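To keep things clear, I will list the structure first and then write my remarks on it.
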Amino acid sequence: MSIDKTVGSAHEAVADIPSGASIAVGGFGLCGIPMVLIKALLDQGADELSIVSNNCGVDDWGLGVLLAARRIRKMTSSYVGENKEFERQFLSGELEVELTPQGTLAEKLRAGGSGVAAFFTQTGVGTPVAEGGLPQRYAADGGVALASAPKEVRRMTYRGAEREFVLEPAITTDFALVHAAVADRHGNLVFEKSARNFSPLAAMAGGICIAQVERLVEPGDLDPDAVHLPGVFVDRVIVVGLDIEKRIERRTVRATAATEGE
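Encoded structure:
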């Protein structure tokens with residue numbers, strides 16, 4: 000029996016995401032952003048969303064468009080710069096934020112997708128990440144309305160020395176949204192260079208993974224060794240084509256010989 004995971008449109012793909020859902024979203028900065036799916040979710044109207052992603056885009060792109068529309072209740076991220084509206088909502092108490100070290104966030108997603116409930120890491124030991132007290136939501140008067148709780152810290156032997164490790168729970172979400180370069184109809188995905196970033200991990204953590212892809216091939220066309228994410232983790236595939244907008248977060252150029260003397 001053939002398995003065809005393609006759907007007709009982005010709006011169809013996200014139609015059943017309810018208000019209050021948790022969603023893992025791939026991307027790093029503005030690289031590998033599933034923007035077509037994000038726009039479809041904006042049009043769909045779901046709110047009170049709990050989003051897990053490395054960052055929240057910028058003011059008018061990426062997850063920033065959902066934030067500006069007041070659709071996001073909580074962000075779990077490792078980087079929150081370059082978004083003025085994010086800063087405003089967080090400091091005014093409109094947005095809950097759970098800051099997580101970047102490598103820890105990646106491993107929390109990977110663990111969730113692998114059936115691992117929690118893991119111990121040295122990252123964050125001796126800091127508020129482990130000891131608690133990080134502001135997660137502010138009150139209207141500027142006080143801390145919600146702070147992070149302390150986590151379990153255990154001494155264990157590692158590489159012949161006794162060290163402290165903090166217990167980090169895995170992350171699983173109701174849905175995942177990712178962007179890939181190529182997919183087959185079975186949902187096997189290939190990502191393009193650095194656009195892979197958090198996407199395979201986000202896809203693994205999501206209960207229902209929706210992938211937007213630039214190009215679709217038939218089952219058997221992909222070299223198995225070239226597949227970055229097996230189709231077992233992917234539930235829906237939509238084709239967005241090669242001409243989608245891809246923004247650059249910071250464009251820098253080097254002066255040419257003709258301009259160096261100017």
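Just so it is clear: in the sequence shown, position 189 is 188 by numbering that gives the first Met the number 0, and no numbers are missing.
Glycine residues also receive a C-beta, built at the ideal position from the N, C-alpha and C atoms.
Small disclaimer: the values here were computed from a predicted structure and weren't measured.
To the nearest angstrom, how far is the alpha carbon of residue i from that of residue j?
i, j, result
"R246", "Y157", "43 Å"
"M0", "E217", "Since pLDDT at M0 reaches only 46, below the 50 mark, its modelled position is unreliable, and no value is offered."
"A20", "K73", "11 Å"
"G44", "D15", "11 Å"
"I50", "G56", "12 Å"
"A105", "F164", "17 Å"
"I32", "C208", "14 Å"
"V115", "A254", "50 Å"
"G141", "L90", "7 Å"
"A12", "V236", "8 Å"
"V124", "A144", "24 Å"
"G219", "G25", "26 Å"
"G205", "L36", "15 Å"
"L241", "V226", "19 Å"
"D59", "G159", "50 Å"
"V189", "A139", "45 Å"
"V238", "V6", "8 Å"
"C30", "I71", "21 Å"
"S8", "V212", "12 Å"
"E151", "A129", "7 Å"
"E93", "Y137", "8 Å"
"F85", "A68", "12 Å"
List the DSSP bridge partners of residue i.
i, result
"R235", "I209"
"P134", "A146"
"S76", "L98"
"R214", "V181"
"I71", "L48"
"L188", "A182 and L228"
"A117", "P168"
Under the three-state reduction of DSSP, which class applies to residue i: helix, strand or coil?
i, result
"A23", "strand"
"T251", "coil"
"V124", "coil"
"A194", "helix"
"A225", "helix"
"A110", "helix"
"A105", "helix"
"A129", "helix"
"E244", "coil"
Just reading off the alpha helix (DSSP H) that residue i is part of, what are its end residues?
i, result
"F85", "K83 to L90"
"L200", "S198 to A204"
What first and last residue would you give for the beta strand (DSSP E) that runs through residue i?
i, result
"A179", "T172 to D183"
"V152", "V152 to Y157"
"A160", "A160 to P168"
Tell me, please, whether the CB atom of residue i is closer than 7 Å to any CB atom in chain C?
i, result
"A182", "This model lacks chain C altogether; it includes just one protein chain."
_Threshold first: 3 residues or longer. Then list the beta strand (DSSP E) segments lying entirely within the stretch 2 to 67, N to C._
21 to 24 and 48 to 51
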